[in-house]
Amino acid sequence: MSGTLKVDLAAFGELIDTVGRAADALKQSSGALKNVSARDLGTHSLDSAAARFQDRWGYGIEKIAYASATMVDGLKETRTTYAKAEESNQSLMKMFEAPLSAGGSGPAPQSPASQRVPGILNMDPHE
């Protein structure tokens, strides 16, 4: 499979904000429906309709709100992971940029892995 993966961190942030606002709105509306009465709504029939709606949909709305909040946590963690990966990639590119721009002359840069495993850069891959 070929191609590139591009993650727009700003758009990711907007998605997190949107899902977070949706979760908050669901929690607020569910809580508001639990606490209304005919006095608040104006008529007993409207109060009954709100009560029926709450009975029918209250649990589901709470579950959706919880899932949305959980999704926000996961999206934040994913965004952080992508941002760290991007920073690491940029650091690695800078590490190799100078030797490559010099026509490949000079020793290869020492990566953290090559520093931990002495001689890894001198290994013959065909052995």
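Heads up: the sequence shown begins at 1 in the UniProt record's numbering, then just goes up one per residue. All C-beta atoms in this analysis are idealised placements derived from N, C-alpha and C, irrespective of residue type, glycine included.
Who are the Cβ neighbours of Gly3 in its own chain at under 6 Å, not counting the five residues just before and after it?
Around Gly3: no qualifying Cβ.
For Thr18, which option in Glu77, Leu5, Ser68, Phe96 has the closest C-alpha, if you only look at C-alpha atoms?
It is Ser68 whose Cα lies nearest to the Cα of Thr18.
Output yes or no for whether 8 Å exceeds the beta carbon distance between Leu26 and Phe53.
Not in contact: Leu26 and Phe53 (Cβ atoms no closer than 8 Å).
For the alpha helix (DSSP H) containing Asp8, list its first residue and its last residue.
Looking at the DSSP string, Asp8 is not in any alpha helix (DSSP H), and its letter there is neither H nor E.
Out of curiosity, what's the CA-to-CA distance linking Asp55 and Leu46?
Approximately 14 Å, taken between the alpha carbons.
Assuming the contact rule is C-beta atoms closer than 8 Å, Leu92 and Phe12 should be a hit. Round their C-beta distance to whole Å, please.
Incorrect: roughly 22 Å between the Cβ atoms, too far for contact.
Met1 to Asp24, Cα distance in whole Å?
Its pLDDT being 49, under 50, Met1 is placed unreliably in this model, and the coordinates cannot settle the point.
Quick one: grab the DSSP three-state call for Gly13.
DSSP places Gly13 in helix when its eight states are reduced to three.
Let me know if Ala49 comes out buried or exposed under the rule of 16 or more other beta-carbons within 10 Å of its beta-carbon.
It counts as exposed.
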